[in-house]
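Step one of this worksheet: look at the structure below.
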Amino acid sequence: MSGLFLSKGLFPQEFFRPTVEFLLKSQLPDGSIPWFEGSYADPWDHVEAAMGLTIGGEYDAAERAYFWLRDMQLDDGSWWAAYKDGEIDNKERRETNFIAYIATGVWHHYLISENYEFIEAMWPCVEKAISFVLSLQTEHGEIHWAVDTHGKPKEDALVTGCSSVFKSLECAYNLSVVLGTERKDWLDARERLGKAIRFREKERFDRTWESKARYSMDWFYPVLTGALPAHEGKKRLEARWDEFVEDNMGCRCVSDEPWVTIAESCELTMALLAAGDHARAVTLYSWLHQWRVEDGSYWTGYQFVEDLLWPDEKPTWTAGAILLAADALTDHTAAAYLFKEVRLLDTAQNTQRINHF
Numbered sequence: 035m036s037g038l039f040l041s042k043g044l045f046p047q048e049f050f051r052p053t054v055e056f057l058l059k060s061q062l063p064d065g066s067i068p069w070f071e072g073s074y075a076d077p078w079d080h081v082e083a084a085m086g087l088t089i090g091g092e093y094d095a096a097e098r099a100y101f102w103l104r105d106m107q108l109d110d111g112s113w114w115a116a117y118k119d120g121e122i123d124n125k126e127r128r129e130t131n132f133i134a135y136i137a138t139g140v141w142h143h144y145l146i147s148e149n150y151e152f153i154e155a156m157w158p159c160v161e162k163a164i165s166f167v168l169s170l171q172t173e174h175g176e177i178h179w180a181v182d183t184h185g186k187p188k189e190d191a192l193v194t195g196c197s198s199v200f201k202s203l204e205c206a207y208n209l210s211v212v213l214g215t216e217r218k219d220w221l222d223a224r225e226r227l228g229k230a231i232r233f234r235e236k237e238r239f240d241r242t243w244e245s246k247a248r249y250s251m252d253w254f255y256p257v258l259t260g261a262l263p264a265h266e267g268k269k270r271l272e273a274r275w276d277e278f279v280e281d282n283m284g285c286r287c288v289s290d291e292p293w294v295t296i297a298e299s300c301e302l303t304m305a306l307l308a309a310g311d312h313a314r315a316v317t318l319y320s321w322l323h324q325w326r327v328e329d330g331s332y333w334t335g336y337q338f339v340e341d342l343l344w345p346d347e348k349p350t351w352t353a354g355a356i357l358l359a360a361d362a363l364t365d366h367t368a369a370a371y372l373f374k375e376v377r378l379l380d381t382a383q384n385t386q387r388i389n390h391f
């Protein structure tokens, strides 16, 4: 199916119910959500799928997903790169943006469910995760992308990864305010990180490997996560639009490969909303449902030169991204704003304020 045009207040629950059911069926008894049947789960994509469950009203399943992460957390607050069947599947590294993303998921779930007991139960997990991540922030503001098997920092930074951490710090701070344990030091760290992304992108990122600028996520993630204000974000998206976007298909994963990917297209949809480009967001999202399967899942992507759905996978995190973008377009839940605006809780007034740093 294609041509699904969404607008505020018109979330097609019947249409997306199979996608939610797909996520429910993919979740294992221990609460983990692998990429697909027989595959592994990683902390970032597991959370993306869990957010889809929350949007679908499956609060218990989503909370089991977060409690699985809590129970698998290492003593220092981190997680390994991947887990499979209750065991570590990748012990080569622990990635900071993966680790920080728990805060985004927990805050997202609280905004929708309003379950205070849930965030109380998850707070020690979130606090340890953020502390681990910030222990890897440099004096210049950026955050090392990972540590190796032995805990040694991999001393370089990723624009996409640090942008994701930037959003997670917003969510972590808001959790601290709601729980009455405000972490202003996290705001300070977030401000330093934001400045590194905005002003030191060429200086502090991709220092030890080839630039990742060919990846679309490096292009739009600073906009998606609020590291750039809307007016700067709109200019950034406009500057490389023709490099990454294929009409009537979606967003390329990398600029030099004829391959559009559905999850990146969903995230770009939300980045467009953050930049105030609602018309393009609606249009881009309308193209994506031609890649939908009858069970509500979505293919990873489409190689349009070879006319090939590739790889032969329908990931749970793609389904999660589909639901997040639909929510953002329709304002269906109380968390619909999360990737469209920066909202930091104001402790003095007990209200939310919009603040890019």
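The sequence shown begins at 35 in this note's numbering and counts up one residue at a time.
For every residue, glycine included, the Cβ atom is placed at its ideal position computed from N, Cα and C.
Beta-bridge pairing by DSSP links residue 295 to 285 and 335. Contact between the stretch 37 to 44 and the stretch 89 to 100 is absent: fewer than three C-beta pairs spanning the two stretches fall below 8 angstroms. Residue 274 places its beta carbon 8 angstroms or farther from that of residue 293. Separation of residue 108 and residue 317 (C-alpha to C-alpha, rounded to the nearest whole angstrom) is 43 angstroms.
Excluding the 5 residues flanking it on each side, residue 114 has same chain C-beta neighbours closer than 7 angstroms at 122, 124, 125 and 128, in chain order. Under the 10 Å beta carbon count, residue 44 is surrounded by fewer than 16 other beta carbons and is classified as exposed.
By a beta-carbon distance limit of 8 angstroms, residue 258 does not contact residue 132. Their separation comes to about 17 angstroms.
Residue 231 and residue 197 do touch by the CB rule: their CB atoms are close to 6 angstroms apart, below 8 angstroms. Residue 110 holds the alpha-carbon nearest to the alpha-carbon of residue 184 among 110, 347, 63 and 214.
Using a Cβ distance threshold of 8 angstroms, residue 144 and residue 116 do not count as a contacting pair. Looking at the DSSP output, residue 342 shares a beta bridge with 337.
For the set 249, 328, 268 and 222, the Cα lying nearest the Cα of residue 290 is the one of 249. Residue 278 and residue 288 have their alpha carbons spaced roughly 7 angstroms apart. If you draw a straight line from the Cα of residue 339 to the Cα of residue 298, it is about 19 angstroms long. 206 is the residue among 328, 206 and 159 whose C-alpha sits nearest the C-alpha of residue 378. The three-state secondary structure of residue 124, taken from DSSP, is strand. Separation of the CB atoms of residue 325 and residue 83 is rounded to 17 angstroms, and the pair is thereby denied contact status at 8 angstroms. In the DSSP assignment, residue 116 falls within the unbroken beta strand (DSSP E) covering 116 to 118. Here the C-alpha atom of residue 188 lies approximately 21 angstroms from the C-alpha atom of residue 202. DSSP, reduced to helix, strand and coil, places residue 302 within a helical segment of the structure shown. Ranking 366, 191 and 260 by CA distance to the CA of residue 225 puts 260 first.
In the three-state scheme derived from DSSP, where H, G and I count as helix and E and B as strand, residue 173 is classed as coil.
For residue 174, the closest C-alpha among the options 228, 138 and 194 is that of 228. Leaving aside the five residues that flank residue 80 on each side, the residues in its chain whose CB is nearer than 6 angstroms to its CB run, in chain order, 67. Here residue 225 is not bridged, per DSSP, to any residue. In the same chain as residue 140, and ignoring 5 residues on each side of it, the C-beta atoms closer than 7 angstroms to its own belong to 100, 153, 156, 160 and 209, in chain order. Beta-carbon to beta-carbon, residue 57 and residue 103 are separated by about 16 angstroms, too far to satisfy the 8 angstroms threshold. In the three-state scheme derived from DSSP, where H, G and I count as helix and E and B as strand, residue 376 is classed as coil. The C-beta distance from residue 271 to residue 239 rounds to 19 angstroms, too long to meet the 8 angstroms contact threshold.
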